[in-house]
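Just so you know, the sequences run in chain order A and B. With this note's numbering applied, the first sequence corresponds to residues 5 to 312, in that order. With this note's numbering applied, the second sequence corresponds to residues 2 to 373, in that order. C-beta atoms are modelled at their ideal positions from N, C-alpha and C, and glycine is treated no differently. Bear in mind that the values here come from a model prediction, so they are computed numbers and not experimental data. Read through the structure below, which is laid out as structure tokens, and then see the notes.
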Amino acid sequence: MTQQDRRDEEMHGRRADFRYALHLMRGNKLVLVGLVISVGTLLLTGLSHLLVNPALANQQPLALRLCWNNPLINWGISNVKTCPTSYPLGTDAFGRNLLQMIILAIPVDLQIAFEVVASAVVIGVFFGGLAAYAGGIVDEVILRITDVFLAIPAILLAIVLIVVLGRSLPTLTLAIIVTWWPYYVRLMRSQVITEKEKPYVERLRAMGASSPRILYIHIVRNSIYPILIQATLDIGSVILTVSALTFIGLTPSPLLPELGNLASQGIANIFTAPWLILFPGLTILLISLGFNLLGDGIRDIFDPRLRR
Amino acid sequence: MRLYVYILRRLLLMLFVLFALSLLIFYLTRGLLPPTSALAAYITPRMDDSAKLSVARALGVATTSCPSFQAFTSLQNGCVVPVWEQYGAWLHNALTGNWGYSLLPNVAPLTPTWDTFWNRFPFTAELAIAAAILTIALGIPLGIISATHNNKLPDHLSRLVSLGGYSVPQFWFGAVLQIVFVLYVRVNGLGLLSTSSAVATSCGICFANPGTVTTFTGAPVLDAFLSLNGPYLWDALLALILPALTLAITSVGAITRIVRSSMMDALRQDYIILARSKGLRERAIVYRHALRNAILPAVTISGLLVSYLMGGVVVVEIVFSWPGVGNASLAAANVLDVNFLELYVLVTAVIIVVTNLLVDVAYGLLDPRIRY
């Protein structure tokens with residue numbers, strides 16, 4: 005059998021694997037729901053600046069603040085101001101259309117979430133792989149550093165970092181990356197430790213492949229799936245963390261349309277304008293639920309114990 | 002390795018972690034910004050330069066030989082104390098029991114950080130313990146029901162709870178609870194449950210004048226219990242319900258999920274078939290045979306849950322205006338109060354590391370196959 009044949013066979017095997025995964029996916033309704041929500045969120049992210057003019061976020065028609073005119077929901081609170089024109093989800097504390105602000109906010113949160121998760125995966129794969137493959141003193145040093153970061157609640161370290169480095173979206177992202185990577189290092193390390201004992205690694209070594217090549221091309225390719233599943237699940241968690249941080253006031257500007265930021269206007273008006281916190285929070289819940297359903301479903305599909 | 006050698010080794014590692022953490026926090030709050038920023042919270046517009054300089058000296062940021070405040074702000078040679086020296090001084094003080102003064106707003110000037118922290122800590126401990134109890138009381142039964150009724154209605158409901166639990170933003174869940182129990186579920190014209198202060202006096206089913214309690218521990222529920230003040234205990238518990246539920250929601254989701262999957266694994270094992278064929282009752286099979294084996298993974302992640310809870314208190318305490326340390330830590334970070342932050346981080350780290358150690362030891366005791 006030539007090398008080309010082997011490659012073809014491997015490709016065929018992979019394709020069949022993928023087709024089988026799709027087949028399993030079709031049978032799992034929850035994954036489909038998750039897929040629809042995640043894809044919908046991504047679409048909305050791409051289209052948000054076409055749907056809503058981003059300049060609207062800077063306009064503050066203060067006369068329109070905290071008004072509501074959606075007849076389908078009656079809050080049952082006295083003194084709810086009625087809006088002169090139609091605002092489906094009411095207006096926020098600056099008089100902006102809440103629905104438009106939510107649409108503008110989704111890409112902000114999603115971008116941070118993807119940046120954080122991607123960086124954490126890269127750092128985790130690099131250092132986790134290194135720790136497991138090199139072993140010895142390298143392993144010990146990397147593990148002890150993760151110990152330090154895992155002994156402190158992520159949100160506290162993030163708070164201190166943002167206060168010190170300044171309140172902006174890049175520092176927010178950086179602060180969350182700093183608290184997020186240790187989990188991926190640990191996860192990757194445990195994957196590689198079992199993977200590196202397999203016979204094919206021995207074979208590669210006998211063929212004279214260099215250690216970085218064995219580790220970062222062959223071993224990583226065979227142990228990346230759990231990391232990617234965790235990454236899908238973590239998109240939701242990162243969005244929760246970002247919004248919690250901006251909610252407690254670590255935001256570049258109170259005007260920034262960001263889901264936690266929008267909700268934090270709501271906590272001051274919670275008993276007079278409940279919609280201010282309800283809808284941004286509901287959006288966060290929906291997005292994070294979507295990615296969690298997707299990640300859960302993918303894990304079930306790739307879990308060999310549940311397969312066949 | 003013998004067990005006590007293992008524990009000793011882990012405790013030594015904890016010392017290293019604490020040292021590294023204190024260094025990290027100190028470097029972040031004092032080392033990254035220009036030295037004048039350490040003074041910002043102390044300086045008032047009316048202070049003249051000599052007063053500012055003495056503040057800088059008192060904080061240990063400026064040297065005693067520094068001639069003037071201008072020299073300090075222009076970072077003249079030998080005027081600013083290097084960060085590692087500042088850290089050394091702080092570490093020496095901390096090890097001798099002097100944690101400095103706290104900068105927090107709403108705290109009287111010259112209140113030692115140690116007192117500020119430990120006055121607030123019982124509130125946080127009470128909240129976290131209540132949330133931990135809720136997590137166990139809700140999460141484990143939900144997981145069991147889910148596994149024993151696989152793919153039936155109870156399973157779907159409990160999966161919904163667990164998925165929702167780790168997808169919901171805690172601050173939002175807390176806010177929704179407040180909206181529901183203040184605006185919509187009302188008794189005698191008042192909201193049903195109290196939502197903001199530690200002990201309620203304005204909620205539908207509270208006692209208006211619960212009296213006072215002696216401060217034994219600082220935690221309202223425990224104090225009321227020890228002082229045998231029934232109405233106060235009731236009010237303190239009512240005030241605790243909503244924040245504790247909010248704090249617990251994420252970990253309930255996590256525990257339910259873990260217990261469900263490990264129970265389903267356990268129920269598939271051969272010894273369960275043996276137990277069934279012996280004719281044991283279903284209860285005995287589920288609780289005595291399956292649960293005993295399925296509880297181990299839940300024990301493993303309880304270390305992680307403590308970390309969740311300790312992080313969650315920051316947000317939950319802010320949403321509910323709970324007078325604990327989590328709430329204060331945000332204020333401390335905002336004014337770069339290094340003393341309070343260090344104490345908070347170190348106490349939290351000790352709690353997390355010790356829990357992890359206990360979990361690992363308990364794991365070995367519960368599962369005889371594990372050796373250290």
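Let's test the definition: count the other Cβ atoms within 10 Å of the Cβ of residue i and tell me whether it reaches 16, buried, or not, exposed.
i: Asn340 of chain B; result: buried
i: Gly89 of chain B; result: exposed
i: Asp338 of chain B; result: buried
i: Asp368 of chain B; result: exposed
i: Asn265 of chain A; result: buried
i: Ala210 of chain A; result: exposed
i: Leu239 of chain B; result: buried
i: Thr112 of chain B; result: exposed
i: Ser215 of chain A; result: exposed
i: Ser90 of chain A; result: exposed
i: Ser303 of chain B; result: buried
i: Arg370 of chain B; result: exposed
i: Ile77 of chain A; result: exposed
i: Ala220 of chain B; result: buried
i: Val145 of chain A; result: exposed
i: Gly212 of chain A; result: exposed
i: His27 of chain A; result: exposed
I'd like to know whether the C-beta atoms of residue i and residue j end up nearer to each other than 8 Å.
i: Thr175 of chain A; j: Ile166 of chain A; result: yes
i: Val448 of chain B; j: Ile44 of chain B; result: With chain B covering only 2 through 373, there is no way to say anything about residue 448 of chain B.
i: Gly133 of chain A; j: Ile223 of chain A; result: yes
i: Ile130 of chain B; j: Val260 of chain B; result: no
i: Leu191 of chain B; j: Gly175 of chain B; result: no
i: Thr125 of chain B; j: Val314 of chain B; result: yes
i: Met173 of chain A; j: Pro256 of chain A; result: The amino acid at residue 173 of chain A is misidentified as Met; the sequence shows Leu. Yes, the pair counts as a contact, with Cβ atoms nearer than the cut-off.
i: Arg277 of chain B; j: Ile286 of chain B; result: yes
i: Ala158 of chain A; j: Pro261 of chain A; result: no
i: Phe295 of chain A; j: Leu237 of chain A; result: yes
i: Asn273 of chain A; j: Ala97 of chain A; result: yes
i: Leu254 of chain A; j: Arg171 of chain A; result: yes
i: Met15 of chain B; j: Val362 of chain B; result: no
i: Lys200 of chain A; j: Ala136 of chain A; result: yes
i: Phe321 of chain B; j: Leu243 of chain B; result: yes
i: Val316 of chain B; j: Ala248 of chain A; result: yes
i: Thr95 of chain A; j: Leu55 of chain A; result: no
i: Leu268 of chain B; j: Ala133 of chain B; result: no
i: Trp91 of chain B; j: Trp115 of chain B; result: no
i: Leu135 of chain B; j: Val162 of chain B; result: no
i: Leu297 of chain A; j: Leu164 of chain B; result: yes
i: Leu19 of chain B; j: Ala333 of chain B; result: no
i: Leu60 of chain A; j: Arg100 of chain A; result: yes
i: Val246 of chain A; j: Ala122 of chain A; result: no
Between which residues of its own chain and residue i is the CB-CB distance below 6 Å, once the five residues before and five after are set aside?
i: Gly140 of chain B; result: Val253, Ile256 and Thr257
i: Ile26 of chain B; result: Leu342, Glu343 and Val346
i: Asp50 of chain B; result: Phe70
i: Leu193 of chain B; result: Phe182, Val186 and Gly205
If I measure Cβ to Cβ from residue i and keep anything under 8 Å in the same chain, skipping five residues before and after, which residues do I get?
i: His150 of chain B; result: Asp156
i: Ser292 of chain A; result: Ile239, Gly240, Ser241, Ile243 and Leu244
i: Val125 of chain A; result: Tyr188, Ile231, Leu232 and Ala235
i: Leu191 of chain A; result: Gly128, Gly132, Pro230, Ile231 and Gln234
i: Leu40 of chain B; result: Lys53, Val56, Ala57, Leu60 and Val62
i: Thr86 of chain A; result: Cys71, Trp72 and Asn73
i: Gly44 of chain A; result: Gly294
Using DSSP's beta-bridge definition, name the partner residues of residue i.
i: Pro113 of chain B; result: B:Tyr102
i: Ala63 of chain B; result: B:Val81
i: Leu188 of chain B; result: Looking at the sequence itself, residue 188 of chain B is Val, so the reference to Leu does not match. Answer is B:Leu191.
i: Thr3 of chain A; result: Given that chain A is displayed from residue 5 to residue 312, the structure contains no residue 3 of chain A and the question cannot be resolved.
i: Asn101 of chain A; result: A:Thr95
i: Cys204 of chain B; result: Its beta-bridge partners do not exist; DSSP assigns none.
Quick one: what's got a C-beta closer than 7 Å to residue i's C-beta in the same chain, skipping five residues either side?
i: Ile250 of chain B; result: Gly166, Val169, Gln171 and Phe174
i: Arg312 of chain A; result: Because the pLDDT at Arg312 of chain A is just 40, under 50, the model does not fix this residue reliably, and the point stays unresolved.
i: Phe283 of chain A; result: Leu93, Leu102 and Ile106
i: Ile181 of chain A; result: Val120, Ser123 and Ala124
Inside the region 108-180 of chain A only - alpha helix (DSSP H) runs reaching at least 4 residues: Counting only runs that start and end inside the region 108-180 of chain A, the alpha helix (DSSP H) elements of at least 4 residues fall at 140-154 and 158-169.
Runs of alpha helix (DSSP H) lying entirely within the region 207-284 of chain A, each at least 4 residues, in chain order: Taking only runs of at least 4 residues, the alpha helix (DSSP H) segments lying wholly in the region 207-284 of chain A are 224-227, 229-251 and 263-272.
Which whole runs of the alpha helix (DSSP H) in the region 137-185 of chain B are 4 residues long or more, in chain order? Counting only unbroken stretches of 4 or more residues, the alpha helix (DSSP H) elements lying wholly within the region 137-185 of chain B are 154-168 and 171-180, in sequence order.
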